[in-house]
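Some notes on the structure that comes next.
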Amino acid sequence: MTAAAAVLLLVGGCSYDAHVPARPASDIISNYDTPVNGRFALYVDSDAMRHTINPTGYDCSAAEYPTDGRSSFRNAVIQTMERVVASVEVVDEPLTREDLIARNLTGMIRVEAEDMDTALNFIPGFFSSNMEADVEVAASLTVD
Numbered sequence: 494m495t496a497a498a499a500v501l502l503l504v505g506g507c508s509y510d511a512h513v514p515a516r517p518a519s520d521i522i523s524n525y526d527t528p529v530n531g532r533f534a535l536y537v538d539s540d541a542m543r544h545t546i547n548p549t550g551y552d553c554s555a556a557e558y559p560t561d562g563r564s565s566f567r568n569a570v571i572q573t574m575e576r577v578v579a580s581v582e583v584v585d586e587p588l589t590r591e592d593l594i595a596r597n598l599t600g601m602i603r604v605e606a607e608d609m610d611t612a613l614n615f616i617p618g619f620f621s622s623n624m625e626a627d628v629e630v631a632a633s634l635t636v637d
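Under my numbering, the residue at position 32 of the sequence shown is numbered 525, and the numbers go up by one with no gaps.
What follows is the structure, given as structure tokens:
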């Protein structure tokens with residue numbers, strides 16, 4: 494019974510609910526002093542921003558950490574594009590050329606998260622551990 498309680502405490506101690514805040518890009522490099530003129534439709538595909546992280550090392554190596562950065566990625570892309578172009582209309586699916594003309598839109602911006610790779614390391618301490626994560630995100634941007 495004592496061993497079972499110790500295992501539950503150990504595994505329970507490895508759980509953590511992390512919130513991923515959305516922030517727009519603050520270091521946008523642009524060839525323009527002002528936002529690009531026009532009204533653009535913006536489609537964001539953030540499905541690749543959801544996966545499970547398996548930590549490296551021995552501490553909490555049996556635990557898995559599901560992450561869902563879809564809404565944070567989407568919000569960050571929207572906030573960033575609002576700084577780059579004059580007007581953004583967020584859409585739930587890519588629009589055809591006919592849809593763009595019918596809505597009087599200048600063009601279509603498509604941003605797709607392609608891959609998210611996370612390395613999670615535990616830094617052991619006395620009665621506690623710290624976590625350190627390195628995250629790499631690959632995304633593509635297409636403007637029609």
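Each residue gets a CB set at the ideal place from its N, CA and C atoms; glycine is no exception.
DSSP on residue i, reduced to helix/strand/coil?
| i | result |
| --- | --- |
| Ser580 | strand |
| Arg543 | strand |
| Phe566 | helix |
| Thr549 | strand |
| Ser621 | coil |
Identify every residue that forms a DSSP beta bridge with residue i.
| i | result |
| --- | --- |
| Val604 | Val537 and Leu634 |
| Ala626 | Leu613 |
Going by DSSP, what residue range makes up the alpha helix (DSSP H) through residue i?
| i | result |
| --- | --- |
| Asp592 | Arg590 to Ala595 |
Suppose you measure from the CA of residue i to the CA of residue j; what does that come to, to the nearest Å?
| i | j | result |
| --- | --- | --- |
| Val604 | Glu575 | 13 Å |
| Val581 | Ile616 | 43 Å |
| Ile602 | Phe619 | 50 Å |
| Gly505 | Ala556 | Bear in mind that a pLDDT of 49 at Gly505, under 50, signals an unreliable position, so the model cannot answer this. |
| Met624 | Thr545 | 16 Å |
How far does the beta strand (DSSP E) with residue i in it reach, from first residue to last?
| i | result |
| --- | --- |
| Asp526 | Here Asp526 belongs to no beta strand (DSSP E), and DSSP marks it neither H nor E. |
| Thr560 | Tyr558 to Asp561 |
For my contact list, residue i and residue j are in at a C-beta cut-off of 8 Å; report their separation, rounded to the angstrom.
| i | j | result |
| --- | --- | --- |
| Thr527 | Thr560 | Contact doesn't hold; Cβ gap of about 37 Å is too wide. |
| Thr599 | Gly531 | 3 Å |
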